[in-house]
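Working notes, beginning with the structure itself.
Residue numbers (the working numbering): 1 to 74.
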């Protein structure tokens, strides 16, 4: 769901950046670059969040496994 909103927002911003030159609409390069950079940043933040969550889950599972096997808490 979040990805859908990000794509819609990205497309909205991309369309907002159009300007009419002659008879055709053209998107300036700086808009294209900033949108690409923003999309990459958003994707990297999502990946970082998932990696941190996985690391925490793994830590909790290893503690649980240790407790179940030995009966002592870490």
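The C-beta atom is built at its ideal place from N, Cα and C for all residues, glycine as well.
Assignment of residue 72 by DSSP, reduced to helix, strand and coil, places it in the coil class. The straight-line gap separating the alpha-carbon atoms of residue 41 and residue 49 is approximately 12 Å. Excluding residues up to 5 positions away in sequence, nothing lies with its Cβ nearer than 7 Å to the Cβ of residue 52 in the same chain.
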